[in-house]
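Notes for the one structure printed next.
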Amino acid sequence: MKSLISVFLVFAFAKAITAQVHSSLEHLKLPQITQADNTAKNEVYRIQTATYKADSLGYEPVVLQVQNFNEAGLKFQDYQQIFGKYKSETLDSFYYTGTRLDSIVKKTSSGGFDATMIFECDNQGRVTSEKATGKYINYVTQYTYENNQLQHIEMKLKRGNRRTATYYYKKGNLDYVKQYEYKENGELKKEFTVYYTRGIPIARVTANDPLITVADFTGVYKIRTQLSQEQAIEELQKAAAISRTDLFNKRKEITQQEVMLEQYSTSTESSTGEWTKRHITRKMFSKLEDRWVFRKLYFPDSTTVGSTQFDILFQHKIKRY
11 MKSLISVFLV FAFAKAITAQ VHSSLEHLKL PQITQADNTA KNEVYRIQTA TYKADSLGYE
71 PVVLQVQNFN EAGLKFQDYQ QIFGKYKSET LDSFYYTGTR LDSIVKKTSS GGFDATMIFE
131 CDNQGRVTSE KATGKYINYV TQYTYENNQL QHIEMKLKRG NRRTATYYYK KGNLDYVKQY
191 EYKENGELKK EFTVYYTRGI PIARVTANDP LITVADFTGV YKIRTQLSQE QAIEELQKAA
251 AISRTDLFNK RKEITQQEVM LEQYSTSTES STGEWTKRHI TRKMFSKLED RWVFRKLYFP
311 DSTTVGSTQF DILFQHKIKR Y
């Protein structure tokens with residue numbers, strides 16, 4: 011494992027988290043293997059992301075991530091290193107037959123979370139099943155399709171509990187995903203719905219929770235509104251279909267009270283449209299936590315944008331919440 015890791019450390023220095031979707035808006039989905047799935051707008055062969063924490067005493071890396079893509083635009087390596095008290099390293103290797111995903115092999119520095127995920131595909135190359143085996147990772151997931159669109163996912167874990175997600179469409183576009191999570195005895199544990207506009211998750215409603223989680227270009231918030239949840243979601247989706255500014259304004263308009271989960275400011279390269287710097291403020295156990303994310307992208311023509319080095323000027327010019 012160390013020999014593999016040493017190769018990646020040449021590429022970047024620091025920490026990485028590239029996912030733009032907040033954890034509260036996550037649900038069961040297909041394996042994220044394309045460049046678009048991994049936040050790149052353009053064709054790339056590598057994405058490096060470095061995340062730091064910073065305070066009055068200075069800054070230090072927290073996570074490093076390096077993603078490599080093949081000529082078909084499919085991810086074949088995903089490396090992550092976490093620094094600090096709970097330091098660890100993980101390398102996921104992706105194997106294909108042509109463009110069909112065959113397996114993902116996970117190697118970890120501790121060895122305890124090593125696992126192999128085996129995939130089966132239909133005659134159109136779509137993933138229909140996934141079986142994961144390892145010391146602590148054991149599950150089977152089935153994917154079903156209807157009218158050439160993903161319709162349903164069911165994950166069964168070894169200990170007996172399971173999760174299901176059903177996808178709903180409007181005029182051919184994903185409208186919302188409803189997920190259920192069940193205990194080992196079959197009792198319903200959790201139910202929530204994630205709503206989409208233009209392929210982007212913008213809101214979540216959780217059963218027996220009056221608050222709505224909303225994500226716009228400034229951050230992620232839990233809001234209370236006078237509107238019914240159904241009416242609020244309808245207005246938010248309509249606004250998001252117009253522009254991201256309209257979604258922001260609509261969230262502010264319908265909100266009576268809100269709790270900030272995450273706020274961010276982002277710097278984007280005008281030549282490529284790729285974001286390269288991001289300041290994130292998260293609420294962690296009632297405390298605010300700052301993270302600074304820097305990204306470098308490598309293009310097939312040998313050009314690059316961004317850097318994984320900590321940018322002092324960016325830190326100073328961005329407002330802290």
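Positions in the sequence shown are counted from 1; adding 10 to them yields this note's numbering. Idealized CB from N, CA, C, for every residue including glycine. As the structure is a computational prediction, the values presented were derived from the model and not from experiment.
Helix, strand or coil at residue i [DSSP, three-state]
i	result
glutamate 245	helix
glutamate 373	Examination of residue 373 is not possible in this model, given that the chain is present from 11 through 331 alone.
alanine 250	helix
phenylalanine 79	strand
serine 277	strand
aspartate 102	strand
lysine 25	Residue placement at lysine 25 cannot be trusted, given a pLDDT of 29 that sits under 50; the coordinates are not used to answer.
tyrosine 146	coil
threonine 176	strand
aspartate 321	coil
proline 310	coil
valine 315	strand
tyrosine 153	strand
glycine 68	strand
phenylalanine 123	coil
glycine 51	Looking at the sequence shown, residue 51 is not glycine but lysine. Lysine 51 falls in the coil class under three-state DSSP.
arginine 136	coil
glutamine 45	coil
isoleucine 15	Legend: pLDDT at isoleucine 15 = 38, less than 50; position of this residue unreliable, value from coordinates given subsequently. Helix, per DSSP.
aspartate 300	strand
phenylalanine 129	strand
Neighbour flag for residue i against chain D, beta carbons, 8 Å
i	result
tyrosine 106	Among the chains in the structure shown there is no chain D, since it carries only a single protein chain.
Span of the beta strand (DSSP E), counted from its first residue to its last, around residue i
i	result
glutamine 189	183-192
aspartate 226	222-226
glutamate 36	It is not in any beta strand (DSSP E) - glutamate 36 carries neither H nor E in the DSSP assignment.
isoleucine 57	56-65
glutamine 91	85-92
arginine 110	110-118
tyrosine 166	Note on identity: in this sequence residue 166 is lysine, with tyrosine being the wrong assignment. Counting along the chain, the beta strand (DSSP E) containing lysine 166 begins and ends at 159-167.
tyrosine 96	Unbroken run through tyrosine 96: none, as it is neither H nor E.
alanine 213	210-216
glycine 229	229-234
threonine 207	198-207
threonine 282	Note, threonine 282: premise wrong, no beta strand (DSSP E); not H, not E.
Distance between beta carbons of residue j and residue i, contact taken as under 8 Å
i	j	result
tyrosine 153	leucine 35	Incorrect: roughly 20 Å between the Cβ atoms, too far for contact.
glutamine 77	lysine 85	6 Å
tyrosine 177	valine 187	5 Å
valine 230	histidine 37	Contact flag wrong, Cβ pair sits at about 15 Å.
glutamine 236	glutamine 267	About 11 Å separates the two Cβ atoms, so there is no contact after all.
valine 215	threonine 203	5 Å
N-terminal and C-terminal residue of the alpha helix (DSSP H) that residue i is part of
i	result
isoleucine 328	First-last for isoleucine 328: undefined, no H or E at that position.
isoleucine 264	254-264
Top-ranked residue by Cα proximity to residue i, from the options
i	options	result
threonine 151	Glu130, Thr203 and Gln134	Glu130
threonine 318	Leu307, His326, Ser312 and Lys327	Leu307
glycine 94	Thr61, Gly122 and Ser113	Thr61
glutamine 343	Thr228, Arg208, Ile222 and Trp285	Residue 343 lies beyond the range of the chain shown here (11 to 331); nothing can be said about it.
glutamine 90	Asp102, Asn80, Glu81 and Tyr96	Asp102
isoleucine 264	Gln247, Ser277, Thr126 and Arg173	Gln247
phenylalanine 123	Glu99, Asp185, Glu140 and Phe104	Glu99
arginine 254	Glu140, Gln267, Ala242 and Asp226	Asp226
arginine 173	Ala46, Thr44, Phe309 and His162	His162
isoleucine 210	Lys199, Leu198, Ala251 and Tyr146	Ala251
alanine 125	Lys145, Phe324 and Ser312	Lys145
arginine 288	Lys297, Leu323 and Met294	Leu323
valine 54	Thr313, Asp321 and Gln325	Thr313
alanine 213	Gln241, Glu197, Lys199 and Gly196	Gln241
tyrosine 149	Glu156, Gln159, Tyr155 and Glu164	Glu164
Spatial neighbours of residue i in its chain, beta-carbon cut-off 8 Å, leaving aside the 5 residues before and after
i	result
lysine 63	Tyr69, Glu70, Val72, Glu299, Asp300, Arg301 and Trp302
isoleucine 290	Glu272, Gln273, Tyr274, Asp300, Arg301, Trp302 and Val303
isoleucine 328	Ser275 and His289
Own chain partners of residue i with C-beta closer than 6 Å, once the 5 adjacent residues on each side are dropped
i	result
aspartate 256	Ala249
valine 269	Lys232
glutamate 201	Tyr190 and Ala217
threonine 282	Asn52 and Val315
tryptophan 285	Thr276 and Thr278
serine 296	none
Cutoff 7 Å; reference residue i; Cβ partners in own chain excluding five residues on either side
i	result
glutamate 194	Arg169, Gly170 and Asn171
glycine 135	Thr109 and Arg110
tyrosine 106	Leu84 and Asp112
aspartate 132	Thr138
asparagine 48	Thr28, Gln42, Ile57, Gln77 and Lys85
lysine 181	none
threonine 143	Ala125 and Thr126
alanine 82	Thr109
isoleucine 92	Val73 and Ser98
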